[in-house]
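Q:
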Amino acid sequence: MWSTGEGNGKPLQYSCLENPMNSMKRQNDRILKEELPGSVGAQIATGDQWRNNSRKKEGMEPKQKQYPAVDVTGDRSKVRCCKEQYCIGTWNVRSMNQGRLEVVKQEMVGVNIDILGISELKWTGMGEFNSDDHYIYYCGQESLRRNGVAIMVNKRVRNAVLGCNLKNDRMISVRFQGKPFNITVIQVYAPTSNAEEAEVERFYEDLQDLLELTPKKDVLFIIGDWNAKVASQETPGVTGKFGLGIQNEAGQRLIEFCQENAQVIANTLFQQHKRRLYTWTSPDGQHQNQIDYILCSQRWRSSIQSTKTRPGTDCGSDHELLIAKFRLKLKKVGKTTKAFRYDLNQIPYDYTVEVRNRFQGLDLIDRVPDELWTEVHDTVQEIGIKTIPMEKKCEKAKWLSGEALQIAVKRREAKSKGEKERYEHLNAEFQRIARRDKKAFLSNQCKETEENNRMGKTRDLFKKIRDTKGIFHAKMGSIKDKNGMDLTEAEDIKKRWQEYTEELYKKDLHDPDNHDGVIIHLEPDILECEVKWALESITTNKASRGDGIPVELFQILKDDAMKVLHSICQQIWKPQQWPQDWKRSVFIPIPKKGNAKECSNYCTITLTSHTSKVMLKILQARLQQYVNRELPDVQAGFRKGRGTRDQIAKIRWIIEKARAFQKNIYFCFIDYAKALDCVDHNKLWKILKEMGIPDHLTCFVRNVYAGQEATVRTGHGTTDWFQIGKGVRQGCILSPCLFNLYAKYIMRNAGLEEAQAGIKIDGRNINNLRYADDTTLMAESEEELKSLLMKVKVESEKVGLKLNIQKTKIIASGPTTSWEIEE
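So the sequence shown is residues 5 to 827, counted in the numbering used here.
Listed below in structure tokens is the structure:
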């Protein structure tokens, strides 16, 4: 005989023990005897019969008569092929503030929820972030703490996520990779019944737009707080007989939406006790309604095993947690390989001994730089992985105490027993303790900050300040393509980043290379003392490119590393050929102001090989004497003894003097669009020659940039390698020197150094102050300032730099008129 398993809302499970035809007959007979509720068409007939006995009066849940869920269409192949059960839920939490996130995560674990949609989040901004074993995608308003939705997933399904679409503060979608079809979950928060009709229509229009972006083959779940009542009247193909209340206008609108999009409201299909059906309770506790729903594609409703609320869960909200269990298969996606990091505070003695022994056996004379570096790289990496422990992930301090979490547990118990007064008292107690815990946490952080300051631990000091006071920046899970369409798939996002950066750093084909390749005078050879100085002066605790060799692994070797690196530098110096590995860079997109979905609102920081910085440091030192000779005293960018504070003090002093003498003063703060990324290489080599930089050094710099490759590190992995045709690397040691000379060339050609326009100070004419690419023009009249600005704009465009008109600002102490500057 075939064996069957019965349970609350669980399907029949089969094991091949007997003839299938006999078993099917027996199964049909048994279904008739148990008199399951009927169905219309392909509707699922399921139910839970509740007995009303004395235990209900005692506050205990009545024992349920358990029925199997049966697909009466006769097509059981869908259910049989789906081997895994998942739990999806939706919850209106009425704000996720004051420690409520920890409570919700605790409830997710307790109920074993894989995917949880959140309504009324009341967070600002949008993005995604990791919190312990959960990953959170959220979207709220820009500045107001209103509405807001989120989807939380646990680690079981996290790696199956293909992407997310942060539509607006009322809807968000996350797509999962499944077998044989992908799964899309949309979380919504519909307007209340008091909302204007236009707002309701806009909500459904936005939702329809989101559905059109969802592939038709996807298994679709739309969950959330709909603020609608569909009632218990059955609507064929949309609702079952187990809704609650009387249908309202919003409920009718929801049913129409389901009919138009072939959706079924799952929590009206299963017979449950009323306590497992209502999702909202009025403040006085006298009224309950069903206004939260889980919608599923009609084609896939047979995958739904059961839906019900969990009134025993609690997070301080007047809504109940609504869950559904479904059987579908999510693809097992392997974890992305993360760059490993050594624990550099625990480099063992075995590492230094073994590397020194291996270095002694290296042939350092007359080697090709690429081959020698590859051998050194592999040696250090191999021994490092074998002997140095990996850095442990630092757990973020949790400010909510165990006492607060215990109060949350007691509050949940009071809610399940219907003790309203005790529940309200415990809720107030939880809020009070949460505020106390937050205050105590911040106080403790301040004490640690003061201790770091007293001990002179500047790195720990500023890290603590940043962690305590810093603004939280969530990762952005989607970006826009060229046409402004949202991209949510991982591969599409990577391709878009590669497309954008390739276009940004694309070489101008109309600007041929003007290098003649003849070097008459060679600079002196690199000395061992230069290598030793460079190695010791490189800043530690910096992010590595991902090659697994931070500079600390060489610094700890001291003279042994110095000899090997000196040999590599010497092999590079004469033929001027860099190892290709040293020309490779990893771009890290860092968001700036503006819409984080636009690639143009990111700056690309460059990570280079730490070992290449030894050679770059020596090159910078040899260039610096020529650069200092050319730069004027108005340039304070990356110069010893000068900084932004000096320039701010000068501007403030000028304003004070202008007010004292009752003179008008005009300032223009110039901002270039992607200044470092738009430096033309051929023009840069020409400028270096005009500034008197020796040909050997110019050629050496040129070969750093010739044939360089880059990749972009995104949240979904790295892109393919591509060529870089222009720009200086942000984060490279040489970039400040090179760009200062570039800016000097622009200002000199603009005639600012000889111009009469400006401010007369002690017989000297001052018309600009600079800090690298940030330039401030100043004049005593509006006409003079406009003349200076147009000269700078014209000369900047000749060398490939364009003004960012939106960010270029003017400050004036006198009357002004509006200007129009062509972009």
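Backbone N, C-alpha and C define an ideal beta-carbon position, used for all residues, glycine too.
Is the segment 360-374 touching the segment 566-576, taking contact as three or more C-beta pairs under 8 Å?
A: yes
Q: If you draw a straight line from the alpha carbon of serine 58 to that of aspartate 229, how long is it in whole angstroms?
A: Within the sequence shown, residue 58 is the residue found at index 54, counting from 1. Within the sequence shown, residue 229 is the residue found at index 225, counting from 1. Per-residue confidence for serine 58 stands at a pLDDT of 35, beneath the threshold of 50, marking its modelled position as unreliable; no derived number is given.
Q: Helix, strand or coil for tyrosine 504? Go by DSSP, reduced to three states.
A: Within the sequence shown, numbered from 1, the residue matching residue 504 stands at position 500. Tyrosine 504 falls in the helix class under three-state DSSP.
Q: With burial defined as no fewer than 16 other Cβ atoms inside 10 Å of the residue's Cβ, what is the status of alanine 664: buried or exposed?
A: Here residue 664 refers to the residue found at position 660 of the sequence shown. Result: exposed.
Q: So within the segment 364-448, which uninterrupted alpha helix (DSSP H) runs reach at least 4 residues, ignoring any that extend past its ends?
A: 373-391, 406-420
Q: State buried or exposed for lysine 811, treating a residue as buried only when at least 16 other CB atoms are found within 10 Å of its CB.
A: Taking the sequence shown and counting its residues from 1, one reaches residue 811 at position 807. The residue in question, lysine 811, is exposed, as its Cβ has fewer than 16 Cβ neighbours within 10 Å.
Q: Given a cut-off of 8 Å, decide if phenylalanine 207 and proline 219 are closer than it, judged by their beta-carbon atoms.
A: Counted from its first residue, the sequence shown places residue 219 at position 215. Counted from its first residue, the sequence shown places residue 207 at position 203. No; because the gap between Cβ atoms is not below 8 Å, this pair is not in contact.
Q: Phenylalanine 225 lies in the beta strand (DSSP E); which residues open and close that run?
A: Locating residue 225 in the sequence shown gives position 221, where the first residue counts as 1. Phenylalanine 225 -> beta strand (DSSP E) spans 223-229.
Q: According to DSSP, what are the bridge partners of histidine 4?
A: The requested residue 4 does not occur in the structure, where the chain is confined to residues 5 to 827.
Q: Among the candidates Ile750, Arg733, Glu205, Arg314, whose CA atom is the shortest distance from the CA of tyrosine 509?
A: By one-based count along the sequence shown, residue 509 stands at place 505. If we check each option's Cα against that of tyrosine 509, Arg733 comes out closest.
Q: Taking the CB atoms as reference points, tell me whether proline 740 and phenylalanine 671 lie closer together than 8 Å.
A: Position 736 of the sequence shown holds residue 740. Position 667 of the sequence shown holds residue 671. Cβ distance not < 8 Å, so proline 740 and phenylalanine 671 don't count as in contact.
Q: Let me know the secondary structure DSSP gives tyrosine 509 once reduced to three states.
A: Here residue 509 is taken as the residue at index 505 of the sequence shown, counted from 1. Coil.
Q: Relative to the C-alpha of aspartate 4, which residue among Arg633, Ile542, Asp778, Lys597 is closest?
A: The structure shown does not extend to residue 4, since the chain is modelled only from 5 to 827, so the question has no answer here.
Q: Do valine 234 and isoleucine 269 have their beta-carbon atoms positioned less than 8 Å apart in this structure?
A: Counted from its first residue, the sequence shown places residue 269 at position 265. Counted from its first residue, the sequence shown places residue 234 at position 230. The answer is yes: Cβ separation under 8 Å.
Q: Using a Cβ-Cβ cutoff of less than 8 Å, which residues in the same chain neighbour serine 135 once the five nearest sequence positions on both sides are dropped?
A: Start at 1 with the first residue of the sequence shown, and residue 135 comes out as number 131. Excluding residues within five positions, the ones whose Cβ falls inside 8 Å are Leu105, Lys109.
Q: Taking the straight line between their C-alpha atoms, what separation do you get for valine 359 and proline 352?
A: Translated into the one-based positions of the sequence shown, residue 359 becomes position 355. Translated into the one-based positions of the sequence shown, residue 352 becomes position 348. The alpha-carbon atoms of valine 359 and proline 352 are separated by roughly 12 Å.
Q: Let me check you understand the geometry: is the CB of alanine 679 closer than 7 Å to at least one non-hydrogen atom of the ligand SAH?
A: This structure lacks the ligand SAH; in fact it carries no ligand of any kind.
Q: Between glycine 729 and lysine 806, what straight-line distance do the alpha-carbon atoms span, to the nearest angstrom?
A: Working through the sequence shown from its first residue, we reach residue 729 at position 725. Working through the sequence shown from its first residue, we reach residue 806 at position 802. Cα to Cα, glycine 729 sits roughly 18 Å from lysine 806.
Q: Tell me, please, whether the CB atom of leucine 105 is closer than 8 Å to any CB atom in chain D?
A: Of the chains in the structure shown, none is chain D; there is only one protein chain.
Q: Cutting at 7 Å between CB atoms, please list the residues of its own chain near alanine 432, excluding the five before and the five after it.
A: For this step, residue 432 is matched to residue 428 along the sequence shown. Counting only Cβ-Cβ distances below 7 Å, and skipping sequence neighbours, we find nothing.
Q: Under a three-way DSSP split, which group does methionine 619 fall into?
A: Counted from its first residue, the sequence shown places residue 619 at position 615. If DSSP states are grouped into helix, strand and coil, methionine 619 belongs with the helices.
Q: Considering just the uninterrupted stretch of the alpha helix (DSSP H) at asparagine 265, what are its terminal residues?
A: On the sequence shown, position 261 is the one that residue 265 refers to. 253-265 is the extent of the alpha helix (DSSP H) around asparagine 265.
Q: DSSP state of tyrosine 630, grouped into three classes?
A: On the sequence shown, position 626 is the one that residue 630 refers to. Tyrosine 630 falls in the helix class under three-state DSSP.
Q: In this structure, does DSSP put glycine 114 in helix, strand or coil?
A: Locating residue 114 in the sequence shown gives position 110, counting from the first residue. If DSSP states are grouped into helix, strand and coil, glycine 114 belongs with the helices.
Q: By Cβ distance, which residues of its chain are closer than 6 Å to glutamate 65, with the 5 residues on each side in sequence left out?
A: For the purposes of this step, residue 65 is taken as the residue at position 61 of the sequence shown. Its pLDDT being 39, under 50, glutamate 65 is placed unreliably in this model, and the coordinates cannot settle the point.
Q: Classify tryptophan 582 as buried or exposed, calling it buried when 16 or more other Cβ atoms lie within 10 Å of its own Cβ.
A: Translated into positions along the sequence shown, residue 582 becomes position 578. By the neighbour-count rule (16 or more Cβ atoms within 10 Å), tryptophan 582 is buried.
Q: Which residue wins for smallest C-alpha separation from glutamate 428, given the options Tyr346, Cys319, Leu526?
A: Here residue 428 refers to the residue found at position 424 of the sequence shown. The residue with the shortest Cα to Cα distance from glutamate 428 is Cys319.
Q: Taking its Cβ as the centre, do 16 or more other Cβ atoms sit within 10 Å of glutamine 191, making it buried, or is it exposed?
A: Your numbering for residue 191 matches position 187 in the sequence shown. So glutamine 191 counts as buried.
Q: So, helix, strand or coil for leucine 166, using DSSP?
A: For this step, residue 166 is matched to residue 162 along the sequence shown. In the structure shown, leucine 166 sits in a strand (DSSP, three-state: E or B).
Q: Provide the residue(s) that pair with serine 135 in DSSP beta bridges, ordered along the chain.
A: Position 131 of the sequence shown, counted from the first residue, corresponds to residue 135. DSSP, once it has assigned bridges, lists His138 as partnering serine 135.
Q: For the beta strand (DSSP E) containing tyrosine 606, name the first residue and the last one.
A: The sequence position of residue 606 within the sequence shown is 602, counting from 1. For tyrosine 606, the enclosing beta strand (DSSP E) begins and ends at 606-611.
Q: Go ahead and label asparagine 448 buried or exposed: buried means 16 or more other beta carbons lie within 10 angstroms of its beta carbon, across all protein chains shown.
A: On the sequence shown, position 444 is the one that residue 448 refers to. Under this definition asparagine 448 is an exposed residue.
Q: Which residues does DSSP list as the beta-bridge partners of threonine 313?
A: As a position in the sequence shown, residue 313 is number 309, starting the count at 1. According to DSSP, which records beta bridges pairwise, threonine 313 is partnered with Leu326.
Q: Tell me where the beta strand (DSSP E) around proline 528 begins and ends.
A: As a working note, residue 528 is residue 524 in the sequence shown. No beta strand (DSSP E) holds proline 528; DSSP gives it neither H nor E.
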